[in-house]
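Student: Residue numbers (the numbering used here), protein chains in the order written: chain C, 1 to 398; chain W, 1 to 530.
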Amino acid sequence: MLQLRHTPFHERTSKLCQPQNWRRWAGYLVAGSYELTLDREYWAIRNAAALIDVTPLMKYIITGKDAARLLDRVVTRDIGKLKIGQVYYTGWCDDEGKMIDDGTVSRLDESTYRLTSADPNLRWLSMNAVGLEVRITEVTDNVAALSFQGPNSRLILNRVADNPVDGLKYFRLMQNKVDGIPVTISRTGYTGDLGFEIWMEAKDALPIWDVLMEAGADYGIAPVGILAMDMARVEAGLFMIEVDYTSASHAWIEPQKSSPFELGLDWTVALDKPGYFVGRRALEHEKKEGSAWKMVGLEVDWVEMEKLYAEAGLPPQIPGMAVRASLPVLVGNVQIGYASTSSWSPLLKKYIALAHLQKPYYEIGTDVRLEITVEHHRQHAPARVVKLPFYEPEWKKK
Amino acid sequence: MTSNQYDAIIIGGGHNGLVAAAYLARAGRKVVVLERRHIVGGATITEEIIPGFKFTEFSYVVSLLRPEIIRDLELPKHGLKILPLPSTVTPMENGDYLAAWDDHDLTRREIYRHSPKDAEAYDEYARVMARMAKAIKPILSIIPPDPSSLHPKDLFGLLKLGKLAYEMSEKDLYGLAKLMTQSAGDMLDEWFETDALKGTKSASGIIGTFLGPRSPGTAYVLLHHYMGEIDGAFRAWGFSKGGTGGIAEAIASSARALGAEIRVNSTVKQVIVKNGRAVGVALENGDEIYAKAVLSSADPIVTFLKLVESKHLPDDLIRSIQSFRTRGSSGKVNIALSELPQFTALPDEPALYRGAASISPSIDYIERAYDDAKYGRFAKEPYIDMIFPSMIDPDMAPPGTHVMSCFVQYAPYDIEGGWDDAKREAFGETVISTIEKYAPNIRRAIIGKQVITPKDIENIAGITGGNIFHGELLLHQLFFFRPAPQWSNFRTPLRGYYLAGSGAHPGGGIMGAPGMLAAKEVLKDGMWKA
Chain C
1 MLQLRHTPFH ERTSKLCQPQ NWRRWAGYLV AGSYELTLDR EYWAIRNAAA LIDVTPLMKY
61 IITGKDAARL LDRVVTRDIG KLKIGQVYYT GWCDDEGKMI DDGTVSRLDE STYRLTSADP
121 NLRWLSMNAV GLEVRITEVT DNVAALSFQG PNSRLILNRV ADNPVDGLKY FRLMQNKVDG
181 IPVTISRTGY TGDLGFEIWM EAKDALPIWD VLMEAGADYG IAPVGILAMD MARVEAGLFM
241 IEVDYTSASH AWIEPQKSSP FELGLDWTVA LDKPGYFVGR RALEHEKKEG SAWKMVGLEV
301 DWVEMEKLYA EAGLPPQIPG MAVRASLPVL VGNVQIGYAS TSSWSPLLKK YIALAHLQKP
361 YYEIGTDVRL EITVEHHRQH APARVVKLPF YEPEWKKK
Chain W
1 MTSNQYDAII IGGGHNGLVA AAYLARAGRK VVVLERRHIV GGATITEEII PGFKFTEFSY
61 VVSLLRPEII RDLELPKHGL KILPLPSTVT PMENGDYLAA WDDHDLTRRE IYRHSPKDAE
121 AYDEYARVMA RMAKAIKPIL SIIPPDPSSL HPKDLFGLLK LGKLAYEMSE KDLYGLAKLM
181 TQSAGDMLDE WFETDALKGT KSASGIIGTF LGPRSPGTAY VLLHHYMGEI DGAFRAWGFS
241 KGGTGGIAEA IASSARALGA EIRVNSTVKQ VIVKNGRAVG VALENGDEIY AKAVLSSADP
301 IVTFLKLVES KHLPDDLIRS IQSFRTRGSS GKVNIALSEL PQFTALPDEP ALYRGAASIS
361 PSIDYIERAY DDAKYGRFAK EPYIDMIFPS MIDPDMAPPG THVMSCFVQY APYDIEGGWD
421 DAKREAFGET VISTIEKYAP NIRRAIIGKQ VITPKDIENI AGITGGNIFH GELLLHQLFF
481 FRPAPQWSNF RTPLRGYYLA GSGAHPGGGI MGAPGMLAAK EVLKDGMWKA
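(1) Give me the Cα-Cα distance between Arg327 of chain W and Gly465 of chain W, rounded to the nearest whole angstrom.
(2) Indicate whether the contact test is met: 3 or more Cβ pairs, each with one atom in the region 36 to 47 of chain W and one in the region 454 to 471 of chain W, closer than 8 Å.
(3) Does the beta carbon of Arg109 of chain W come closer than 7 Å to any beta carbon on chain C?
(4) Can you check whether the C-beta of Pro86 of chain W is within less than 7 Å of a C-beta belonging to chain C?
(5) Within 10 Å of its beta-carbon, does Tyr353 of chain W have 16 or more other beta-carbons around it, so buried, or fewer, so exposed?
(6) Would you identify the three-state DSSP class for Glu288 of chain W, choosing helix, strand or coil?
(7) Return the residue from the list W:Gly417, W:Lys163, W:Ile446 that minimises the CA-CA distance to Val431 of chain W.
(8) If the criterion is Cβ atoms closer than 7 Å, does the pair Trp344 of chain C and Ile318 of chain C meet it?
(9) Name the chain W residues whose beta carbon is nearer than 7 Å to that of Glu138 of chain C?
(10) Which whole runs of the alpha helix (DSSP H) in the region 284 to 329 of chain W are 4 residues long or more, in chain order?
(11) Go to Leu355 of chain C, then tell me how far its beta strand (DSSP E) extends in each direction, as first and last residue.
(12) Does the separation of the CB atoms of Ala322 of chain C and Val234 of chain C fall below 7 Å?
(13) Is the Cβ of Glu339 of chain W closer than 7 Å to any Cβ of chain D?
(14) Using the DSSP secondary-structure output, state which residues sit across from Pro182 of chain C in a beta bridge.
(15) Less than 7 Å separating the beta-carbons of Pro346 of chain C and Gly237 of chain C?
(16) Quick check: is the beta carbon of Pro382 of chain C nearer than 7 Å to any beta carbon in chain W?
(17) Going by DSSP in three states, Lys160 of chain W sits in which element: helix, strand or coil?
(18) Quick one: which residues of the region 118 to 134 of chain C get their C-beta closer than 9 Å to a C-beta of chain W? List them in chain order.
(19) Looking only at its chain, what residues have a beta carbon closer than 7 Å to the beta carbon of Ser3 of chain W, apart from the 5 residues adjacent to it on each side?
(20) Return the CA-CA distance between Ala222 of chain C and Ala44 of chain C, expressed in angstroms with no decimal places.
(21) Tell me the DSSP secondary structure of Ser126 of chain C in three-state form.
(22) Looking at chain W, which residues of the region 246 to 277 of chain C have a Cβ within less than 8 Å of any of its Cβ atoms?
(23) So is Phe156 of chain W buried or exposed if we call it buried at 16+ other beta carbons inside 10 Å?
(24) Using the beta-carbon of each residue, which ones in chain W are nearer than 9 Å to Leu4 of chain C?
(25) In whole angstroms, what is the alpha-carbon distance linking Glu167 of chain W and Gln182 of chain W?
(26) Are the beta-carbon atoms belonging to Glu408 of chain C and Ser147 of chain C less than 7 Å from one another?
(27) Could you name the residues that DSSP lists as bridge partners for Gly238 of chain W?
(28) For Glu349 of chain W and Glu93 of chain W, I'd like the C-alpha separation in whole angstroms.
(29) Can you tell me whether Asn158 of chain C is helix, strand or coil according to DSSP?
(30) Rounding to the nearest angstrom, what Cα-Cα distance links Pro315 of chain C and Thr37 of chain C in this structure?
(31) Any C-beta of chain C within less than 7 Å: which residues of the region 343 to 366 of chain W qualify?
(32) Using CA coordinates, which residue listed in W:Glu48, W:Ile142, W:Asp105 is at the minimum distance from Leu504 of chain W?
(33) Would Gly27 of chain C pass as an interface residue toward chain W - the criterion being a Cβ-Cβ separation below 7 Å?
(34) Would you mind sorting Tyr566 of chain W into buried or exposed? The rule is 16 or more other CB atoms within 10 Å of its CB.
(35) Whole angstroms is fine: what's the gap from Ala519 of chain W's alpha carbon to Ala20 of chain W's?
(36) Mind checking the region 12 to 24 of chain C against chain W and listing, in chain order, the residues whose C-beta falls within less than 8 Å of any C-beta there?
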């Protein structure tokens, strides 16, 4: 009983997970990686096809006459515009306009939606549903989810799906069958590559896994853990709750909280939508006044960094994975922000970071310095503020 | 040869008296502790009532012991080890159970089984309570200012309090105001829907008070218990190696090492007053001991009404102390067992026996138990908080056997017709048969037991009314009201006489703060300079 939950794929993943580096995710155990080094898994995402167990994502089915009204009240995007078969990425805020969580809203039919989130949100949704005709059901345990990412993912899916997924556009979903088993396939993911997420009943998890692995064998499919996905999402400029921002409902102090504007989610805040939504007033105010902080990309000047290591007689020592540690960012000798995730990008051959910088330093092109530790000594490598994402292949949306 | 002249005398060798002695000795003062019984510890003791079985007789868990005391007095060097108590489980009347572990994910999953909404509310509730506890915890370490005084020290103190309030968010401030006035039951109803969860949580709001979970003011008591701290982690309860007696022994050992003298079997009869000053104490055996400062770690009733003749104290203080609430409401049953009780509702999971098990299926259950007590009877179906010390510290019982500590509420001090052996026996029987409903093997497992009523707490530990906190944790008995208005700064109207027990700010529980703060005030006053 004193065990974390296993996902419905555990029977397969546990046999494949060579390093036994299980990670905790929302009360589940998931593989950190399947191989002893991350390289092949990372390159499966970027060059072939990666099969990632993302079952621990929290999932809610919201249905009823007022389902759209509830979601429109909670999230910042205009749910009135969400068409059947369409998916929105969105954040949602408290009344002070600070982010509580982020995830996707999928419209499954006229009055049924699926919300995914990182944290439990049943209570928050219920509190906002007072007086509305809506039923909220958590289906996290009942619905298994696979993220199937990489340039070959479409090819492989077409081999096993009853209906081809060629016509499935970016952030759209379709009902389909794989090996005769009903699944929902959405053109979504957390890697910034061509990719899909496959939603199925938990009992169907293993056959779907097997069919995909078999069909993908000739196309370079690899089971991929969350460590390699972490590198890909940094390249894609995608942030992670509790790593790159603190949920307003977890924060101890005000400065720990972030608004969607501060996280670069301006495009998801539909201030033009009709009526009230949670945080609207505060967000309108921030829109007018400008944000004090902004999340940006940082590219470290490799040549200059190499010199700092060379002075110690070393080649650059950058961990081959995403590092979730807060690193100070300076201008001159004054700290003007911090990087929340930094990573080596094997594809770009760059040391990159997601950083939170104060006004006015968050403007693209600003020169800053990122703290690095060279042989136990604190050093600062020159870096430049760049536009996110760091990497966006043309096939991501095509 | 024992001397009769000291810098300071401490009346009572409970944990607060010992802490005060250690701090004074640490400052270089010549100190003696006078303890009535043959062992030190007061209500913080472990005794082998049945050979081989160590009973943590009265107090049984610890969370509030101030970390600065542990560091200042180097208690780990003197044997203090606070072992984790990682879970609480509540067997339910429908045969299910509700558990909470120290792991967030496991606890969430477990509560989720009962109510998905409660599983989330639990997180938020814990954060709100932790935030409020954090905001008001500094109060525990400051001397309450007198709000009616214009003395710069008091004004400064009030200012500090104001700052604490100022630093809280508006939401938390309203939350705190609400918490100060609400009942634990009403507050928990706002958060949760699972009866066993609410019942178990509400119990923290009534422990040591003569109130029910539906009585206003109990929400604050609940927060008070939330302030427990071990290694800086909020709300971590622990079990001290060797039982709570291990804490008293560690403090006593530290005090001795610092030069304090501890005399057991030394009952103080009266404080000697000369020229409006406390100058020493007279013992039952006729001995007289003199000192510049006399600290009483006894409860306020004993301190002000028994140890000092009333002519030395102002009428209004006497009246305040006379109305100070010290109604004992709880008892203990300590049991030596040949095997662990097997709770039928519980899964086969030894880890659960390393934590607490609680008979608290609902708020109504506890409120009904209170109803009995209100009218002078012990609860027919009491709230019971059980731990199994031998599962946490294997040295508590011979190998293969166990000891079990049951804290029981309610058992009124003022029971109809007064406590006697027959009533004590009936009380013990009620507790056993209540547990038996959940763990049918308990009766055959009993090797021996000790039943403690509030009257026994009074007789053995010397606490008036048998109230485990030396006075209930009621809002009108806390902070600048504790123990009486204008006398919350450990001093008394009698120069040289101080209150250093749990009846002083910030109150009871194995916290040690009253003893430490009183000693620091004594040192500030520098009685021996004159």
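Beta carbons are placed, not taken as given, at the ideal position from N, Cα and C, and that holds for glycine.
Note that the structure is a prediction, hence the values are computed from the model and not measured.
Tutor: On the basis of the supplied data:
(1) Cα to Cα, Arg327 of chain W sits roughly 5 Å from Gly465 of chain W.
(2) Cβ pair count under 8 Å is three or more, so yes.
(3) So yes, Arg109 of chain W belongs to the interface.
(4) Contact of Pro86 of chain W with chain C is not assigned, every C-beta pair being separated by 7 Å or more.
(5) Here Tyr353 of chain W is buried. Its C-beta has 16 or more other C-beta atoms within 10 Å.
(6) In the structure shown, Glu288 of chain W sits in a strand (DSSP, three-state: E or B).
(7) Val431 of chain W has its Cα closest to that of W:Ile446, out of W:Gly417, W:Lys163, W:Ile446.
(8) Yes, the pair counts as a contact, with Cβ atoms nearer than the cut-off.
(9) Pro116, listed in chain order.
(10) The DSSP assignment places complete alpha helix (DSSP H) segments of no fewer than 4 residues inside the region 284 to 329 of chain W at 315 to 322, in order along the chain.
(11) A small correction: the amino acid at residue 355 of chain C is Ala; Leu does not occupy that position in the sequence shown. Unbroken beta strand (DSSP E) run through Ala355 of chain C: 350 to 358.
(12) Yes; because the gap between Cβ atoms is below 7 Å, this pair is in contact.
(13) The structure shown contains no chain D; its protein chains are C and W.
(14) Pro182 of chain C is bridged to C:Lys177.
(15) Not closer than 7 Å, so no.
(16) By this cut-off, Pro382 of chain C is not an interface position.
(17) Note: Lys160 of chain W maps to helix in three-state DSSP.
(18) If you check each beta-carbon in the region 118 to 134 of chain C against every beta-carbon of chain W, the ones closer than 9 Å belong to Asp119, Pro120, Asn121, Leu122, Arg123, Trp124, Ser126.
(19) Hits under 7 Å: none found.
(20) Here the alpha carbons of Ala44 of chain C and Ala222 of chain C stand approximately 6 Å from one another.
(21) DSSP, reduced to helix, strand and coil, places Ser126 of chain C within a helical segment of the structure shown.
(22) Listed by position, the residues of the region 246 to 277 of chain C near chain W (Cβ gap below 8 Å) are Ser249, His250, Trp252, Glu254.
(23) Around the beta carbon of Phe156 of chain W, a 10 Å sphere encloses fewer than 16 other beta carbons of the protein chains shown; the residue is thus reported as exposed.
(24) Proximity of chain W to Leu4 of chain C at the Cβ level (cut-off 9 Å) is accounted for by Asp103, Asp105, Leu106, Arg109, in chain order.
(25) When rounded, the separation of the alpha-carbon atoms in Glu167 of chain W and Gln182 of chain W is 23 Å.
(26) It is not possible to answer for residue 408 of chain C, since the shown part of chain C is limited to 1 through 398.
(27) As a beta-bridge residue in DSSP terms, Gly238 of chain W pairs with W:Val62, W:Pro84.
(28) For Glu349 of chain W and Glu93 of chain W, the distance between alpha carbons rounds to 19 Å.
(29) Asn158 of chain C: helix per DSSP, three-state reduction.
(30) Distance between the alpha carbons of Pro315 of chain C and Thr37 of chain C: 20 Å.
(31) Taking 7 Å as the Cβ-Cβ cut-off, the region 343 to 366 of chain W approaches chain C at Pro347, Glu349, Ala351, given in chain order.
(32) As written in the sequence, residue 504 of chain W is Ala, which differs from the Leu given in the question. Ala504 of chain W has its Cα closest to that of W:Ile142, out of W:Glu48, W:Ile142, W:Asp105.
(33) Yes, contact with chain W.
(34) Because chain W here runs from 1 to 530, residue 566 of chain W falls outside it and cannot be looked at.
(35) Rounded to whole angstroms, the gap between the alpha carbons of Ala519 of chain W and Ala20 of chain W is 5 Å.
(36) Residues of the region 12 to 24 of chain C whose Cβ lies closer than 8 Å to any Cβ of chain W, in chain order: Arg24.
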